[in-house]
Amino acid sequence: LHARDVPALLQTPHARPLIVEIWSLDCSYCRENIARIAQWRRTAKKNVDVVMVSMDGPDQAEMLNRALAPLARDGKIDVARMPQYANAEDMPERLRAALDPGWQGEMPRTIILRPDGKRHASSGLLTPQILETALRD
C-alpha cells in the first residue's frame, strides 16, 4: 500500500463501518487485537468491513503469511476474507502519515470509519466498549 492509495481506501461514505487494523510483525499485541475484532463482530453481530494494513514491507510477505496462518486456520476469525495490504513505501512514515496524521507509530492502531464520515482512531488493545463507542458517538 502506497501513501497515495490511502485516500481511496479511507474515502467515505461506506455502506457500513470500516475498521482499518494496522499491525506489524514485531507488535506482540497486534494478532490478539485482530482476534478481538473478529470475536466482537461475531458476538455483537456487527456487519462491518475489516481491512488489515501491515507496516512491514512486501519483502516480508512470507513472514506475514506465516504470522497470520494461525488466524487464517481459525474459521471464527476469517482473516482470509479480510483485504490485506503491506507497506510499499521506502519511508514507512509516509504511509503512517497518510493513514492517520496524528499517529506516532504505536501499535496496534485501529481506525474506525463510520458511514456518516466520522472517524475514530485508537492505539492498543481494543475492548467491545471501545468498538461500540466508536460506532455510536
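As numbered in the working numbering, residues 3 to 139 make up the sequence shown, in order. For every residue, glycine included, the Cβ atom is placed at its ideal position computed from N, Cα and C.
Spatially closest choice to V8 from A17, A69, I24, by CA coordinates: Taking V8 as reference, the option from A17, A69, I24 with the minimal CA-CA separation is I24.
Beta-carbon separation (whole angstroms), P19 vs P85, contact threshold 8 angstroms: No, P19 and P85 are not in contact; Cβ-Cβ is about 15 angstroms, not under 8 angstroms.
Helix, strand or coil at A90 according to DSSP, with G and I counted as helix: In the three-state reduction of the DSSP assignment, A90 falls in the coil class.
Backbone CA spacing between K48 and W42 [nearest angstrom]: So the two alpha carbons sit approximately 8 angstroms from each other.
Own chain partners of S124 with C-beta closer than 7 angstroms, once the 5 adjacent residues on each side are dropped: If we look at S124 and ignore the five residues flanking it on each side, its Cβ neighbours are T112, I132.
Integer Cβ distance of L3 from A88, believed to fall under 8 angstroms: Right, their Cβ atoms sit about 7 angstroms apart.
For R33, the nearest candidate out of L70, R138, A17, Q106 (CA to CA): For R33, the nearest C-alpha among the options comes from L70.
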